[in-house]
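Colleague:
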Amino acid sequence: MQRAKKMVETLKFIYVMILFVSIFLVMIVCDFSNLHIHVPCLTDKDCPWAKNYVLKCRKGYCVF
Numbered sequence: 001m002q003r004a005k006k007m008v009e010t011l012k013f014i015y016v017m018i019l020f021v022s023i024f025l026v027m028i029v030c031d032f033s034n035l036h037i038h039v040p041c042l043t044d045k046d047c048p049w050a051k052n053y054v055l056k057c058r059k060g061y062c063v064f
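Numbering (full-length UniProt numbering), first residue to last: 1 to 64.
1. Using CA coordinates, which residue listed in 43, 50 and 2 is at the minimum distance from residue 58?
2. In this structure, how does DSSP classify residue 54 when only helix, strand and coil are distinguished?
3. Could you check if residue 62 is buried or exposed, using at least 16 other CB atoms within 10 Å of its CB as the buried criterion?
4. Is residue 29 helix, strand or coil by DSSP?
5. Out of curiosity, what's the CA-to-CA distance linking residue 29 and residue 56?
6. Helix, strand or coil for residue 8 per DSSP?
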C-alpha cells in the first residue's frame with residue numbers, strides 16, 4: 001500500500017514537472033516571436049539575420 005502511494009506521488013510530480021516545462025517553453029517561443037530588436041542601423045544590410053524573418057531598417061532601427 002505504501003509503495004503504491006509513493007509511486008502515485010512520483011508520477012504526479014513528473015506530470016507536474018512536464019506541464020511546467022511545457023508552459024515555460026511555450027512562453028519562450030511566444031516571447032521570441034514578439035521580440036522587438038532595437039538594433040540601430042543605416043541600411044537593411046546593417047540588420048542581423050533572423051531565421052524566418054525579414055528585418056528591415058526603418059527610422060534608424062531594425063524591425064520585422
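Don't be surprised by glycine CBs; every beta carbon is placed ideally from N, CA and C.
This one's a predicted model, so the numbers in the text were calculated from it and none came from an experiment.
Modeller: On the basis of the data shown:
1. In the sequence shown, residue 58 corresponds to position 58, counting from 1. Closest by alpha carbon: 43.
2. On the sequence shown, residue 54 is found 54 positions in, with the first residue counted as 1. In this structure, DSSP gives residue 54 a state outside helix and strand, which the three-state scheme calls coil.
3. Residue 62 sits at position 62 when you count from the first residue of the sequence shown. Using a 10 angstroms sphere on the CB of residue 62, the tally of other CB atoms reaches 16 or more, which defines it as buried.
4. Taking the first residue of the sequence shown as 1, we reach residue 29 at position 29. In this structure, residue 29 counts as helix in the three-state DSSP scheme.
5. To locate residue 29, count along the sequence shown from 1; it is residue 29. To locate residue 56, count along the sequence shown from 1; it is residue 56. If you take the alpha carbons of residue 29 and residue 56, they lie about 22 Å apart.
6. Taking the sequence shown and counting its residues from 1, the one referred to as residue 8 is at position 8. In this structure, residue 8 counts as helix in the three-state DSSP scheme.
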